[in-house]
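J.: In the order they appear, the protein sequences are chains A, B, C, D and E. The first sequence lines up with residues 2 to 303 when you count with the working numbering. The second sequence lines up with residues 2 to 303 when you count with the working numbering. The third sequence lines up with residues 2 to 303 when you count with the working numbering. The fourth sequence lines up with residues 2 to 303 when you count with the working numbering. The fifth sequence lines up with residues 2 to 303 when you count with the working numbering. Every residue gets a Cβ at the ideal spot worked out from N, C-alpha and C, and that includes glycine.
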Amino acid sequence: MTEAVEKILSNYAGENPGVIGNLRRIMSTGTLAGTGKMVILPVDQGFEHGPARSFQPNPDGYDPSYHPKLAVESGCNGYAAPLGFIEAVAHEFAGEIPLILKVNNSDSLGDPGQPCSAMTSAVSDAQRLGCSAIGFTIYPGSGFRNDMYAQIRDLIREARAVGIPSIVWAYARGGEMTKEGETAIDVIAYAAQIACQLGAHIVKVKAPSEAVYLPAAKKSYETIPIGTLEERIRHVVQSAFNNKRIVIFSGGAAKDRDSVIEDVKGIHAGGGYGSIVGRNAFQRSHDDGLSLLRDIMAVYAS
Amino acid sequence: MTEAVEKILSNYAGENPGVIGNLRRIMSTGTLAGTGKMVILPVDQGFEHGPARSFQPNPDGYDPSYHPKLAVESGCNGYAAPLGFIEAVAHEFAGEIPLILKVNNSDSLGDPGQPCSAMTSAVSDAQRLGCSAIGFTIYPGSGFRNDMYAQIRDLIREARAVGIPSIVWAYARGGEMTKEGETAIDVIAYAAQIACQLGAHIVKVKAPSEAVYLPAAKKSYETIPIGTLEERIRHVVQSAFNNKRIVIFSGGAAKDRDSVIEDVKGIHAGGGYGSIVGRNAFQRSHDDGLSLLRDIMAVYAS
Amino acid sequence: MTEAVEKILSNYAGENPGVIGNLRRIMSTGTLAGTGKMVILPVDQGFEHGPARSFQPNPDGYDPSYHPKLAVESGCNGYAAPLGFIEAVAHEFAGEIPLILKVNNSDSLGDPGQPCSAMTSAVSDAQRLGCSAIGFTIYPGSGFRNDMYAQIRDLIREARAVGIPSIVWAYARGGEMTKEGETAIDVIAYAAQIACQLGAHIVKVKAPSEAVYLPAAKKSYETIPIGTLEERIRHVVQSAFNNKRIVIFSGGAAKDRDSVIEDVKGIHAGGGYGSIVGRNAFQRSHDDGLSLLRDIMAVYAS
Amino acid sequence: MTEAVEKILSNYAGENPGVIGNLRRIMSTGTLAGTGKMVILPVDQGFEHGPARSFQPNPDGYDPSYHPKLAVESGCNGYAAPLGFIEAVAHEFAGEIPLILKVNNSDSLGDPGQPCSAMTSAVSDAQRLGCSAIGFTIYPGSGFRNDMYAQIRDLIREARAVGIPSIVWAYARGGEMTKEGETAIDVIAYAAQIACQLGAHIVKVKAPSEAVYLPAAKKSYETIPIGTLEERIRHVVQSAFNNKRIVIFSGGAAKDRDSVIEDVKGIHAGGGYGSIVGRNAFQRSHDDGLSLLRDIMAVYAS
Amino acid sequence: MTEAVEKILSNYAGENPGVIGNLRRIMSTGTLAGTGKMVILPVDQGFEHGPARSFQPNPDGYDPSYHPKLAVESGCNGYAAPLGFIEAVAHEFAGEIPLILKVNNSDSLGDPGQPCSAMTSAVSDAQRLGCSAIGFTIYPGSGFRNDMYAQIRDLIREARAVGIPSIVWAYARGGEMTKEGETAIDVIAYAAQIACQLGAHIVKVKAPSEAVYLPAAKKSYETIPIGTLEERIRHVVQSAFNNKRIVIFSGGAAKDRDSVIEDVKGIHAGGGYGSIVGRNAFQRSHDDGLSLLRDIMAVYAS
């Protein structure tokens with residue numbers, strides 16, 4: 002129980018103690034315990050991109066135990082994965098590190114026309130498996146937006162009633178959205194706002210680029226400094242209820258170590274709450290992934 | 002209770018004793034009892050392909066009793082079929098051989114546009130009929146993916162609660178998937194991964210070909226040996242949670258005895274957990290089918 | 002699947018295949034598999050009489066694993082115990098030997114005034130734990146008779162719906178019933194009839210004495226041969242729907258080996274379906290208990 | 002995650018990961034984290050004995066925050082209390098120390114004739130408040146035994162389904178039970194056995210005296226060494242499934258420091274899993290209570 | 002929103018905003034708005050004592066509109082009554098003054114043997130009628146204690162879920178409790194503690210006398226100053242979670258104006274949160290009742 006953590010939790014004052022307790026637990030775990038910052042290891046790429054693309058770079062990753070072990074060893078605040086990966090390890094890791102059950106998932110073999118993940122597990126699974134949060138992906142921009150927003154509405158309500166907070170992965174995608182638009186600063190800030198408005202306790206977005214995508218938004222951005230990553234992060238955090246909701250950032254595809262650390266420094270400088278680091282962690286060799294995670298945490302701890 | 006079986010069951014440590022017990026029962030039945038390997042006789046072709054295509058090659062198969070008798074006589078680990086076939090024989094075979102209720106089915110008279118089996122029976126039917134598992138087919142790649150994943154999510158949860166494990170038939174199909182793609186090594190491995198992530202206790206896939214289908218996956222397969230069936234099976238088993246989930250393989254359409262045995266040898270050599278042998282068993286004459294099943298088991302017992 | 006077993010099961014022709022299957026499973030397990038006879042090891046004395054009285058004679062019995070191991074080793078058809086003992090071993094023994102969950106229990110520290118066991122577990126527990134039957138004690142003669150009959154009515158109905166048969170322990174007790182009356186031939190036969198009428202699939206009663214307890218029944222027994230145990234067993238079996246329900250007998254408190262075997266010979270000769278042997282098995286040393294169980298089975302197999 | 006803890010958890014192998022995770026969490030908290038031993042601070046005396054009798058010795062204890070703070074400061078494994086006390090502090094302490102919701106309680110103003118606590122909160126409260134376990138008191142010996150056993154049966158089942166373990170306070174009381182009988186070694190061992198058979202994950206009993214209460218049990222105790230507290234504890238632990246269930250002991254009314262420590266040494270030497278220390282902790286001055294708790298933990302850590 | 006009110010609400014930090022909001026509404030109404038003190042007008046005497054005894058002293062009181070009008074006119078914080086009285090006026094007063102639905106009631110025509118009010122309305126009635134709280138009477142000491150505690154457990158949970166706080170009238174009564182015991186300081190303090198532990202948001206007790214009733218409590222009271230009403234109130238407030246729950250006091254039967262005011266001064270001086278004034282208000286003439294209520298409020302405002 003540190004001042005930094007309690008200050009963040011005071012932004013969730015209307016929540017029940019179960020939800021607050023799980024958020025406190027996540028922020029009281031690992032290397033960054035008590036700092037109010039967090040690094041989460043998510044491994045849903047086996048489902049989303051297929052096993053070979055995900056795990057062949059470091060074949061240890063085919064094993065479901067590899068990831069939570071890495072998360073514990075490196076001092077992560079939590080480990081997130083789809084049902085099967087969580088089921089394979091929960092008896093061993095529940096109570097040891099906060100588990101986050103990703104309750105919807107997409108695969109790359111086909112799709113329902115517009116981006117929309119399938120519901121692959123439930124709040125009752127999270128309870129049975131001792132999870133500290135659920136995770137859910139929304140695709141603002143998709144033609145199936147309304148289905149996803151209604152799903153997350155119901156899931157957050159059901160999860161809260163049993164003391165479980167919700168983490169929303171907010172990725173604008175679908176419809177006429179361009180690839181560039183998906184990471185444009187206005188779109189990322191907007192996606193963060195939507196997730197917060199939907200009741201997310203923690204929001205995960207991609208690191209924003211300098212582009213402004215929506216024509217109607219261009220004017221507004223004339224007066225918002227977005228030249229540096231730090232500035233853009235600051236704007237996203239502001240867009241997430243003026244810093245009153247936890248926003249964490251993903252780095253995307255695996256890349257070189259220096260770029261990763263550089264990004265993290267920008268996120269930290271801009272007031273981001275932390276990083277969700279998947280491929281950059283588990284697609285490296287064990288020692289390399291471990292040391293990169295530790296370096297990332299060192300930035301947030303600084 | 003053998004070391005081989007208990008070692009496999011230890012991979013399901015988070016499951017309740019009812020589910021574990023039924024998995025143990027399946028692995029403690031028949032010729033391969035105690036080896037950790039299994040051969041299952043499935044007969045859903047009457048539903049899927051029509052009676053004449055299915056049973057005319059060996060007209061004894063029109064009779065629902067023929068198949069479970071063959072399964073018992075040959076020493077199979079279980080017998081799988083749709084509701085009607087199970088109902089016709091359960092009073093005689095429940096408690097004698099593990100029955101597996103196939104709870105969704107397609108027919109060849111028409112379809113809903115994209116591949117998606119109909120829900121044809123329920124977990125409560127499996128209980129009433131004394132079944133040891135349910136079976137469910139998913140078609141990753143189909144435009145109805147989300148419906149099927151949500152269905153199996155609910156079925157697995159409901160079945161687990163009453164101690165019944167779930168076997169998932171994972172066949173990529175639909176959307177833009179080509180016929181060749183359906184059995185490509187990357188697609189089969191991916192389908193196995195998806196089934197495991199969805200919480201399947203046993204996964205059934207087709208034997209994979211040497212093709213790599215998804216462009217995004219081609220690079221990954223440059224370093225994965227897939228030249229022989231043995232190698233490909235090894236990769237599929239690795240993709241099923243690094244060997245921590247039971248994966249069994251089907252042989253597809255009836256073919257000559259030697260090819261069947263050759264395939265089984267490859268599956269066994271690659272670490273596959275067994276075979277699901279339908280048409281190659283019941284579309285032969287009784288004695289021929291029986292001896293082929295026994296030969297297959299001899300390979301797995303070796 | 003033997004003729005002996007199928008003949009017995011034909012007496013339950015109206016039951017669903019799940020119930021039939023579990024009865025078949027019980028009769029297809031252990032040394033007596035296929036004979037239609039059964040020996041069951043029940044261990045509820047820890048609850049009913051307290052741990053020291055139950056287990057001190059053979060302290061290995063304090064360990065919940067001891068008993069199902071003994072049951073398997075000796076070739077019993079099933080192992081029956083209260084919730085805690087079953088929960089402690091089900092993950093290891095479900096699927097290996099039929100587990101029977103005793104869903105009500107009494108202790109000796111106090112009571113509700115008239116004999117009436119407490120409900121201590123539920124049908125859903127039996128499912129979760131992979132049990133093949135539930136067990137329930139009724140005390141005909143008790144002032145709380147109506148409560149117990151209503152409870153077993155509901156339990157049998159609920160268990161049947163999910164394919165689980167019910168074993169009823171029928172012990173006349175309470176009200177003005179004397180100690181001698183509890184085992185009188187007329188009372189035992191009556192208790193067996195009541196259990197059958199309540200829908201029990203298997204009935205367990207004590208071995209009857211030559212006494213006739215109820216004044217109104219005395220005349221009837223003038224013409225019923227009850228001089229030997231064999232004759233009395235024959236009458237009890239007849240009273241259990243003319244042999245159409247499975248009736249098994251308990252021996253009661255531990256006693257010398259020869260008496261036990263003598264009783265079993267009488268039960269077998271009279272057409273009893275088997276024995277439920279608790280204290281005479283687990284209160285002996287391991288080797289002694291094992292060899293006695295085997296000797297008992299040898300009688301039934303003869 | 003230590004070997005000591007994982008070895009204990011292996012005795013609960015049939016439980017779901019949620020229950021296991023919460024047990025692991027309790028054993029991974031505080032000074033005794035990882036040792037497999039535990040000290041829990043329970044404060045239900047305000048309800049059971051009234052506020053003045055409970056808190057006047059140290060008036061800080063009138064404040065609901067005092068106790069969980071003391072529990073955290075002293076390094077306890079958990080804090081147990083009725084609904085009101087937990088509600089008053091859960092938003093601050095959930096996620097910081099395992100909270101245990103006592104779901105039934107008695108007061109001293111009156112009673113329903115025979116000992117039987119009132120149901121005062123529910124499993125859903127435990128979820129909403131972020132609790133890691135529920136607690137429930139049974140009174141074996143009471144004429145309302147059957148009601149209480151049925152209540153705990155339902156609560157354990159409901160709590161397990163959502164991943165919450167159950168702690169059973171087992172106090173023989175009521176009927177013809179004498180005051181001396183309540184703590185007699187045979188009665189305490191029996192009460193522990195009953196709680197285990199009812200499915201308790203953790204059992205709490207009083208430290209046993211040398212008396213043997215039940216006439217029928219006297220003979221058994223001729224061969225059981227019960228002369229020292231260590232020996233008696235060893236017998237109670239054996240009676241709790243041969244050491245396979247966690248049994249912790251309460252010390253009862255406040256007494257002098259040396260007696261408390263002496264008792265704890267006996268519990269530790271006899272293989273007890275720990276202590277539940279209420280009045281001896283919070284009825285002392287803060288510093289005195291704190292140092293006593295630390296001294297107790299030092300014994301268990303030795 | 003005043004500091005005084007927000008400080009009180011901070012003691013309910015784990016509650017949802019709906020409950021908090023209704024508590025804030027009650028404390029933001031009437032003459033005492035913003036002071037953190039409250040005076041509530043309750044009129045359940047028509048039900049509890051019969052109409053003539055209740056309303057003949059001031060026949061205007063037969064009219065259900067009389068009371069809420071008086072409450073508004075005098076500046077009360079709320080008006081409490083049974084279903085019928087609330088239904089008769091809610092369309093006119095909901096939104097005007099917080100209505101409190103008394104959901105259980107006793108009459109004086111008979112009783113169920115031991116004190117236990119009948120459930121006379123439901124949480125859904127409170128919603129339908131726009132009420133800001135429900136009220137419930139418990140009788141600690143009654144042989145039906147367990148029934149009442151279970152009822153209030155369920156009602157509080159249900160009401161909270163829809164944002165409605167609960168006010169518990171806690172009156173020790175029944176069993177062997179004497180008339181003098183009912184208002185003894187130890188019993189009143191104990192009753193307040195019980196109500197708080199049961200989760201009451203506001204507790205209502207009678208003003209305590211100097212007597213100490215429970216023999217076991219006498220020693221504790223040797224060191225607690227209870228000579229004046231102020232001291233006794235201070236002890237009761239301390240017993241209600243050290244001032245962290247709102248406790249208000251009733252005056253009982255109608256009496257002379259000076260005694261009432263004297264009592265209120267004592268309550269205020271001792272830190273009581275307010276008064277619930279029924280008969281002393283509505284059994285006087287309108288003007289007299291009005292001016293007495295105003296005088297009472299003047300004390301609390303001072």
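Which residues of chain B have a Cβ atom closer than 7 Å to the Cβ of Leu-84/A, listed in chain order?
T.: What Leu-84/A touches in chain B: Gln-198, Leu-199, Gly-200.
J.: Using 8 Å for Cβ pairs, my map puts Glu-159/E next to Val-124/E. What's the rounded Cβ distance?
T.: 5 Å between Cβ atoms; contact.
J.: For the candidate residues Glu-74/E, Ile-249/E, Asn-281/E, Asp-257/E, whose alpha-carbon lies nearest to that of Gly-271/E?
T.: Out of Glu-74/E, Ile-249/E, Asn-281/E, Asp-257/E, Ile-249/E has the C-alpha closest to the C-alpha of Gly-271/E.
J.: According to DSSP, is Met-120/E helix, strand or coil?
T.: If DSSP states are grouped into helix, strand and coil, Met-120/E belongs with the strands.
J.: Is the beta carbon of Gly-131/B sitting closer than 7 Å to the one on Pro-18/C?
T.: In this structure, Pro-18/C lies closer than 7 Å to Gly-131/B by Cβ.
J.: Answer yes or no: do Ala-81/A and Tyr-150/B have a C-beta to C-beta separation smaller than 7 Å?
T.: Cβ atoms of Ala-81/A and Tyr-150/B: not closer than 7 Å.
J.: Using a Cβ cut-off of 9 Å, which residues of the stretch 134-159 of chain E contact any Cβ in chain D, in chain order?
T.: Cβ contacts with chain D: Tyr-140, Pro-141, Gly-142, Ser-143, Gly-144, Phe-145, Arg-146, Asn-147, Asp-148, Met-149, Tyr-150, Ala-151, Ile-153, Arg-154, Asp-155, Ile-157, Arg-158.
J.: Just tell me which of Ile-165/D, Ile-189/D, Gly-164/D, Arg-161/D has its CA closest to the CA of Ala-173/D.
T.: Closest option to Ala-173/D, Cα to Cα, is Ile-189/D.
J.: Give me the Cβ distance between Leu-100/A and Ser-75/A, rounded to the nearest whole Å; I'm assuming they're in contact under 8 Å.
T.: At roughly 16 Å, the Cβ-Cβ gap does not stay under 8 Å, so Leu-100/A and Ser-75/A are not in contact.
J.: Within the 7 Å Cβ cut-off, does Pro-60/B reach chain D?
T.: With 7 Å as the cut-off, Pro-60/B does not count as an interface residue toward chain D.
J.: Measure the beta-carbon distance from Ala-212/C to Glu-263/C and round it to whole angstroms, keeping in mind my assumption that it falls under 8 Å.
T.: At roughly 19 Å, the Cβ-Cβ gap does not stay under 8 Å, so Ala-212/C and Glu-263/C are not in contact.
J.: Can you name the residues of chain D whose CB is closer than 7 Å to the CB of Val-237/A?
T.: None at all; the shortest Cβ gap to chain D is about 27 Å.
J.: Starting from Leu-102/E, follow the beta strand (DSSP E) in both directions and report where the run begins and ends.
T.: That run of the beta strand (DSSP E) goes 100-103.
J.: With which residues is Tyr-214/D paired in a DSSP beta bridge?
T.: According to DSSP, which records beta bridges pairwise, Tyr-214/D is partnered with nothing at all.
J.: What's the call for His-92/E, buried or exposed, on a 16-neighbour Cβ count within 10 Å?
T.: Answer is exposed; the Cβ neighbour count stays below 16.
J.: Count the other CB atoms within 10 Å of the CB of Asp-257/E; is the residue buried (16 or more) or exposed (fewer)?
T.: Looking at its Cβ environment, which holds fewer than 16 other Cβ atoms inside 10 Å, Asp-257/E is exposed.
J.: Using a C-beta to C-beta distance shorter than 9 Å, which residues of chain B count as neighbours of Pro-18/D?
T.: Those within 9 Å of Pro-18/D in chain B are Ala-14, Gly-15.
J.: Report yes or no: do the stretch 106-119 of chain A and the stretch 42-59 of chain A share at least 3 C-beta pairs separated by less than 8 Å?
T.: Contact between the stretch 106-119 of chain A and the stretch 42-59 of chain A is present, because at least three Cβ pairs lie under 8 Å.
J.: Going by other Cβ atoms of all chains shown within 10 Å of its Cβ, with 16 needed for buried, is Asp-155/B buried or exposed?
T.: When all chains shown are included, Asp-155/B counts as exposed.
J.: Within 7 Å (strictly less), CB to CB, does Phe-94/A reach chain B?
T.: No, Phe-94/A does not count as interfacial toward chain B.
J.: So what does DSSP say about Phe-242/C, is it helix, strand or coil?
T.: DSSP places Phe-242/C in coil when its eight states are reduced to three.
J.: Do Asn-12/C and Lys-245/C have their C-beta atoms closer together than 7 Å?
T.: Yes, Cβ-Cβ distance for Asn-12/C and Lys-245/C is below 7 Å.
J.: Using CA atoms only, rank isn't needed, just tell me which of Glu-223/B, Ile-157/B, Gly-175/B is closest to Ser-143/B.
T.: Here the closest residue by C-alpha is Gly-175/B.
J.: Please report the residue range of the beta strand (DSSP E) in which Leu-42/D lies.
T.: Counting along the chain, the beta strand (DSSP E) containing Leu-42/D begins and ends at 39-43.
J.: Do you know how far the Cα of Ala-89/D is from the Cα of Asn-281/E?
T.: One C-alpha to the other measures close to 34 Å.
J.: By DSSP, does Pro-83/B sit in helix, in strand, or in coil?
T.: Three-state result, Pro-83/B: strand.
J.: Closer than 9 Å, Cβ to Cβ, to anything on chain D: give me those residues from the stretch 249-274 of chain E, in chain order.
T.: So the list is empty, because no residue satisfies the distance condition.
J.: Can you pull the chain D residues whose beta carbon is under 9 Å from the beta carbon of Gly-22/A, in chain order?
T.: Ordered by position in chain D, the residues that pass the 9 Å Cβ test against Gly-22/A are Ala-91, His-92, Phe-94, Ala-95, Gly-96, Glu-97, Leu-100, Leu-130, Gly-131, Cys-132.
J.: Is the Cβ of Met-2/A closer than 7 Å to any Cβ of chain D?
T.: It does; some Cβ of chain D falls within 7 Å.
J.: Can you pull the chain D residues whose beta carbon is under 7 Å from the beta carbon of Leu-291/C, in chain order?
T.: By Cβ distance, chain D contributes nothing, its closest Cβ being about 19 Å from Leu-291/C, past 7 Å.
J.: Whole beta strand (DSSP E) runs in the stretch 8-62 of chain A with 3 or more residues, listed along the chain?
T.: Runs of the beta strand (DSSP E) inside the stretch 8-62 of chain A: 39-43.
J.: Can you tell me whether DSSP reads Val-265/C as helix, strand or coil?
T.: Helix, per DSSP.
J.: When the distance is taken between beta carbons, is Phe-145/E closer than 7 Å to Gln-115/E?
T.: In this structure, Phe-145/E lies closer than 7 Å to Gln-115/E by Cβ.
J.: For my contact list, Ile-168/D and Gly-136/D are in at a C-beta cut-off of 8 Å; report their separation, rounded to the angstrom.
T.: Yes, Ile-168/D and Gly-136/D are in contact; Cβ-Cβ is about 5 Å, under 8 Å.
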